[in-house]
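Protein chains in written order, with the working numbering: chain S, 1068 to 1179; chain R, 224 to 337. Just so it is clear, CB atoms sit at the ideal spot from N, CA and C, and this is done for glycine as well. Working notes, structure below.
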Amino acid sequence: GESVGLHLPTLSVQEGDNSIINCAYSNSASDYFIWYKQESGKGPQFIIDIRSNMDKRQGQRVTVLLNKTVKHLSLQIAATQPGDSAVYFCAENGGATNKLIFGTGTLLAVQP
Amino acid sequence: GAGVSQSPRYKVAKRGQDVALRCDPISGHVSLFWYQQALGQGPEFLTYFQNEAQLDKSGLPSDRFFAERPEGSVSTLKIQRTQQEDSAVYLCASSLPGGTYEQYFGPGTRLTVT
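See the structure below:
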């Protein structure tokens, strides 16, 4: 099938290395941010979220950092595994209805 | 499973045909969203329901797009007189009500207009 990764920025890492995926968001009024993982042919899958009153949040093997000054979000994946290969999107909440505004996406390619 | 389901998974339509895409949200999820994802792009918001009320349809690209959720559960996205630029993956997501609840996505329907 077609890949959702076409035309996307690509990050290539070796298995076992740490990965850092960056994202710039647009609205300084956004108060909630999410990282999603999307594998080919599937819908986005929740990874981790963070509210604007925090600057760091940790999950299992993942950490999200939020820098509101420069409107920058990053996702760190520790000990990257082949199963982490996917497209990663950051998203911010946009308005009272909580619709999500997605960034461009980054294709993470893990080399065994 | 208990996740969001969508049908059909794939749909091929000739230009000018009408299509209907179905979304079954997670049971008990009040909020339902539709997104459109073009190849190589992030999902883009189309419309939002809270129960049966369509509270935001600002993302619908034209009046050929129509969505409904008559009983506050299953939702249908209808596209009339399909055009080639409508070719995309249509994603449905549901969530609990509230300010920051995560949205759970279905697998999407890939629409190809020939």
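Cα-Cα separation between R:R238 and R:K301, rounded to whole angstroms: The count along the second sequence starts at 1 and reaches residue 238 of chain R at position 15. The count along the second sequence starts at 1 and reaches residue 301 of chain R at position 78. Cα to Cα, the separation comes out at about 14 angstroms.
I'd like to know whether the C-beta atoms of S:K1166 and R:G329 end up nearer to each other than 9 angstroms. Your numbering for residue 1166 of chain S matches position 99 in the first sequence. Your numbering for residue 329 of chain R matches position 106 in the second sequence. Their beta carbons are not under 9 angstroms apart, which means S:K1166 does not touch R:G329 by this criterion.
So with Cβ pairs under 9 angstroms, would you call S:D1116 a contact of chain R? The residue given as residue 1116 of chain S occupies position 49 in the first sequence. Yes, S:D1116 lies at the interface with chain R (some Cβ there is under 9 angstroms from its Cβ).
Is the number of C-beta pairs between the region 1140 to 1152 of chain S and the region 1120 to 1131 of chain S that are closer than 8 angstroms three or more? yes
Within the 9 angstroms Cβ cut-off, does S:A1158 reach chain R? Translated into positions along the first sequence, residue 1158 of chain S becomes position 91. S:A1158 counts as touching chain R.
Proximity test, Cβ basis, 9 angstroms: R:D279 and chain A: The structure shown has no chain A; the protein chains it does contain are S and R.
If you follow the beta strand (DSSP E) that R:L262 is part of, which residue opens it and which one closes it? For the purposes of this step, residue 262 of chain R is taken as residue 39 along the second sequence, with counting starting at 1. Careful: R:L262 lies outside any beta strand (DSSP E) and carries neither H nor E.
Identify whether S:D1151 lies in helix, strand or coil by the three-state DSSP scheme. What you label residue 1151 of chain S is simply residue 84 of the first sequence in a count that begins at 1. Three-state result, S:D1151: helix.
Using the beta-carbon of each residue, which ones in chain S are nearer than 7 angstroms to R:L314? Your numbering for residue 314 of chain R matches position 91 in the second sequence. Near R:L314 (Cβ distances below 7 angstroms), the residues of chain S are G1110.
Any beta carbon from chain R within less than 9 angstroms of S:N1120's own beta carbon? Taking the first sequence and counting its residues from 1, the one referred to as residue 1120 of chain S is at position 53. No, no contact with chain R.
Residues of its chain near R:V297, where Cβ-Cβ distance is below 6 angstroms and the 5 sequence neighbours each way are ignored: The sequence position of residue 297 of chain R within the second sequence is 74, counting from 1. D247, listed in sequence order.
So is R:E275 buried or exposed if we call it buried at 16+ other beta carbons inside 10 Å? Walking along the second sequence from the start, residue 275 of chain R turns up at place 52. Burial call: exposed.
For R:T332, count neighbouring C-beta atoms within 10 Å of its own C-beta (all shown protein chains included) and say buried if the count is 16 or more, exposed if not. Taking the first residue of the second sequence as position 1, residue 332 of chain R is located at position 109. It counts as buried.
Is the region 1087 to 1104 of chain S close to the region 1153 to 1163 of chain S, with three or more CB pairs under 8 angstroms? yes
Environment of S:F1156 [buried if 16+ CB atoms lie within 10 Å]: Stepping through the first sequence from its first residue, residue 1156 of chain S is reached at position 89. By the 10 Å Cβ count, S:F1156 comes out buried.
Flag this pair as yes or no: are the beta carbons of R:V235 and R:V336 separated by less than 9 angstroms? The sequence position of residue 235 of chain R within the second sequence is 12, counting from 1. The sequence position of residue 336 of chain R within the second sequence is 113, counting from 1. The answer is yes: Cβ separation under 9 angstroms.
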